[in-house]
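These notes concern the structure reproduced below.
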C-alpha cells in the first residue's frame, strides 16, 4: 500500500477482453488502483519490478512466460490472484497451497470473494513459486526450461542447454552456454522438477546434465571426478557415483 | 462372399447325395441286378437325404468345441445306427412294394451292405454339418469383428467430437461475459457464433464425408469466435481454389489443425500472428494447408502431438497409404499439409 492507502494492483492477461472485465469489476473498488496492465509474461515481470504492486491478477496461460514463471521471477511479497480457464492440475495446486484463483468465466460475486481473501493476505508471502509450479505440472511432465532474472533481464534457459548446477550459498549457479546465471532456489526442488533420466545429483552440491559428462576419473578412495565435455571437473560423491552407474549402465561407468 | 458360400453349401448338400446314391447302385448292382439296385437305392437315398439332413440339429446341440469327444462320438454313432435301421426298413418296404419276390430276397441278403452304407452316409452328413457350422461360426466372428471395428471408430469419433477444447470453450464464455457489460451487442453476436460452431461440429461428426466447403465454413466459424478473443493479434487469410470446394473429406479433419494453429500459434505469440488456410486440387490430389506464425521459443510442453496423431490415424483408417499429413516448422512458421485423393460430391 502506498501513502494514499490505496492497494496498488497489476492486471496480467493476454486477452484484452479479460483485462477489460477485471478493470470493470475493480472500478467499483475505489481503494484499488490499477497501476499497470500487461499482455504477456515479460511485460508482467517488468511492470512488477517497476511498480512493486500489492496485488497481482495473474493469468496462467500467456505468451512468453506463463503465470508460474512470472511469479518465480517477481518474488513472493505480494498477494496474487491467479486467473485461468481450465487446468485441473493448476487448480489442485492452488487449493493445496491456499492460493486465490478465479476460473474463467467468473461472476462478480466470485471476484469479490477472491479479492476479499487476497486483501486479507496482503503483505504476506506467497508459497515458493517453484513449488507451486511443480505442483501444477502434470505428473508425467518434467521441467522443460528454467527462468532466471538477472537485474532487469529475464533469461529463459531450455533444460537441454543446461550443463550443470552448483550450490552457492542460498543460490544455485546455473552453467549454460559458457555463462553462469544465479537463481534463488534449493537444489533439491530443482532436482525434483528435472527429468531424472537426464539430470543426476552427483554430489550434495552438484546436479549435472548426463549428456555433458565425458568421463569419470578416480579422485580419492571414496570419491571420483566427473570430467565434462567442456573440460570442467566436478566432484562425484559415493552416492552420486552409485546413481551414475545405474543411469549409465555398469560397464560404461566402470 | 462367405455368406453365399455357406448358403450354397446348404443347397449343395442335396446335390452331394447324387453320387452317394450312384455309389449305392454300383455296390448293390452286382449282387441284385442293376434294375433292382436302381429301384431300391434311388428312392431310399432320396428319403434318407432328408433324414440325414436332420443331423444338423444334433450337430448344433453337440458343438465340437464345447462337448467332450467320446460323448459326441457315442451320441452320433447311436443316431447313425438308428437312422441306418430306418434306412434298411425303408429299403425293405420299397423291395416289397416294387420288386418281385426273387429280387426282394436278393436285396434282403444285402442288408448288411445297406446297413453299413446307411451308417456311413449318416456319418458323412454329420461331418458335412460340422464343417458347415464351423464356417458359419468363422463368418459370424468375422462379422462381429467388423462390427466392433465400426463401433470403435464411431466411439472414437464421438470422443473426438467431445474433444471440444475446454480452454476454447471457457475462454470464449469469459469473453462473452466480459463483453456483456459494455458491449451487449457483440456479446450476443459472439454467443451466436459460438453456438453455431458447437451445433455444426456436433452435427458433422455423424457423417462419413463432407465437402471441403462445409469443413471450411466450420473453420471460419471457429476462427470468428477466436477473432473476438484475440482481436488484432490474429489475422486470418485464405487462398482457396474454387475447384476444390466440392471435394469430399472426413468431417472434422481440418478442425484440430486449425485449433492447433490458434492454441500453439496465436495464443503463445506476444505479437500479431496470422493463420492461413489454403486448398488446391491438382491431378487427383487435394492439398489443404494450414499455416501459422508461432513463437519458436515457446515451450513445447503443451504440444503433445496428439491432435496430429489423431488426424493421421483417421487418414490411414480411411485412405490407407493414399493420404498423408505433413507437419513442419521452419523459422517462425508452422505448416500442416494434408494430401488426400480427390473424391467429389455426386451431382444429383
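Chains as they are written, first to last, in our numbering: chain E, 711 to 964; chain V, 5 to 352.
Glycine included, each C-beta is placed from N, C-alpha and C at the ideal position.
For a test of the three-state rule: what should DSSP assign to residue 759 of chain E, helix, strand or coil?
helix
Could you tell me which residues DSSP puts in a beta bridge with residue 769 of chain E?
E/793
Among the candidates E/952, E/940, E/861, E/827, whose CA atom is the shortest distance from the CA of residue 933 of chain E?
E/952
Contacts around residue 119 of chain V, its chain only, beta-carbon distance under 6 Å, and the 5 residues preceding and following it disregarded
88, 92
So, are the CB atoms of residue 223 of chain V and residue 281 of chain V less than 8 Å apart?
yes
May I ask which residues mark the beginning and end of the alpha helix (DSSP H) holding residue 819 of chain E?
818 to 830
State the DSSP-derived secondary structure class of residue 868 of chain E, mapped to helix, strand or coil.
strand
Excluding the 5 residues preceding and the 5 following residue 788 of chain E in the sequence, name in chain order all residues of the same chain whose CB lies nearer than 7 Å to its CB.
763, 764, 765, 766
Closest by CA to residue 902 of chain E, which one among E/719, E/883, E/845, E/958?
E/845
Using beta-carbon positions only, say whether residue 719 of chain E and residue 742 of chain E come within less than 8 Å of one another.
yes
Please decide whether residue 720 of chain E counts as near chain V, where near means a Cβ-Cβ distance under 8 Å.
no
Sequence-distant residues of its chain with Cβ nearer than 7 Å to residue 47 of chain V (five each side left out)
98
Cut-off 6 Å between Cβ atoms - residues of its own chain near residue 176 of chain V, not counting five sequence neighbours on either side:
198, 229
By the three-class DSSP mapping on this structure, what secondary structure does residue 286 of chain V have?
strand
Taking Cβ to Cβ, would you say residue 291 of chain V is nearer than 8 Å to residue 343 of chain V?
yes
Could you pull out every unbroken alpha helix (DSSP H) segment of at least 4 residues lying fully inside the segment 287 to 352 of chain V, listed in chain order?
310 to 323
Straight-line CA distance for residue 341 of chain V to residue 258 of chain V?
10 Å
When the cut-off is 8 Å and only beta carbons count, does residue 756 of chain E lie next to chain V?
no
Spatial neighbours of residue 242 of chain V in its chain, beta-carbon cut-off 6 Å, leaving aside the 5 residues before and after
281
Coarse secondary structure for residue 122 of chain V, derived from DSSP in three states:
helix
Run down chain A in chain order and give the residues with a C-beta less than 7 Å from the C-beta of residue 795 of chain E.
Although the question refers to chain A, the structure presented lacks it and instead comprises the protein chains E and V.
Just checking: is the beta-carbon of residue 803 of chain E within a distance shorter than 8 Å of some beta-carbon in chain V?
no
Taking a contact to mean a Cβ-Cβ separation below 8 Å, would you say residue 205 of chain V touches residue 256 of chain V in this structure?
yes
With a threshold of 8 Å between beta-carbons, can residue 750 of chain E be considered close to chain V, or not?
yes
Quick one: using the 10 Å Cβ neighbour count with 16 as the cut-off for buried, is residue 275 of chain V buried or exposed?
exposed
With 8 Å as the limit, tell me which residues of the segment 837 to 866 of chain E have their beta carbon closer than that to any beta carbon of chain V; keep them in chain order.
851, 854, 855, 866
Closer than 8 Å by beta-carbon distance: list the chain V residues that pair up with residue 731 of chain E, in chain order.
178, 181, 182, 185
In the DSSP assignment, what are the bridge partners of residue 860 of chain E?
E/863
Going by other Cβ atoms of all chains shown within 10 Å of its Cβ, with 16 needed for buried, is residue 132 of chain V buried or exposed?
buried
Determine whether the beta carbon atoms of residue 29 of chain V and residue 45 of chain V lie at a separation below 8 Å.
yes
To the nearest angstrom, report how far apart residue 288 of chain V and residue 345 of chain V are at their CA atoms.
6 Å
As an exercise, report each continuous alpha helix (DSSP H) stretch of at least 4 residues that is fully enclosed by the segment 163 to 200 of chain V, in chain order.
170 to 186
Beta carbon proximity, residue 906 of chain E to chain V, threshold 8 Å:
no
Taking residue 922 of chain E and residue 938 of chain E to be in contact with their CB atoms under 8 Å, please state how far apart those CB atoms are, rounded to whole angstroms.
5 Å
Spatial neighbours of residue 729 of chain E within its chain, please: CB distance less than 6 Å, with the 5 preceding and 5 following residues excluded, ordered by chain position.
721, 723, 747
For residue 831 of chain E, which of E/786, E/818, E/802, E/775 has the nearest alpha-carbon?
E/786
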